[in-house]
Amino acid sequence: MSNDKFETQRAPEPVGAYPHARRVGNLLFLSGVGPRKRGSKEIPGVTLNAEGEVTAVDIDAQCQSCFDNVRAVVEDAGSSWAQIVDVTVFLTNMKRDFPGFNAAYAKAFATNQPARTTVEVGSLPTPIAVELKVIASID
């Protein structure tokens, strides 16, 4: 059984000591993926004030960026969007963001509908409103 680590140059750098994904057998386990852009501190869908506090959130923009980052990891690791089988969603404000997240998710996964769990968390490591934890099958 293989146990390979994967990193891609297309997704944002991890904020800790972990790879973008690990392969175990025919499953690919992604580390948490947020909306940050690689090589910068830019976070699509987040407006910060001079003190670095979040003043506005565009959940659709954050979702699209998360989906792009997940797609980059699964494709570069040899899997695909269609092979995603499970998604755990972390939202920092369920009441504010769940309707928008749910709409963006429904569009992104219109043909492939993986199992999904959505939970609210107090915060995430960077000033983001959403993070995805994904499992995909891999040939």
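Residues in the sequence shown are numbered consecutively from 47, following the numbering used here.
Note that CB positions come from ideal geometry on N, CA and C, so glycine has one too.
Since the structure is predicted, the reported quantities are computational estimates derived from the model, not experimental observations.
With a cut-off of 8 Å on Cβ pairs, the stretch 116 to 134 is not in contact with the stretch 94 to 107, counting fewer than three such pairs.
When only Cα atoms are considered, Val165 and Met140 end up about 8 Å apart.
Beta-bridge partners assigned by DSSP to Phe75: Arg68, Ile181.
A residue is called buried when at least 16 other Cβ atoms come within 10 angstroms of its Cβ; Gln55 does not meet this threshold and is exposed.
Shortest Cα-Cα distance from Val176 to any of Ala182, Ser183, Gly168 involves Gly168. Going by DSSP, Glu166 is part of the beta strand (DSSP E) stretching over 161 to 166.
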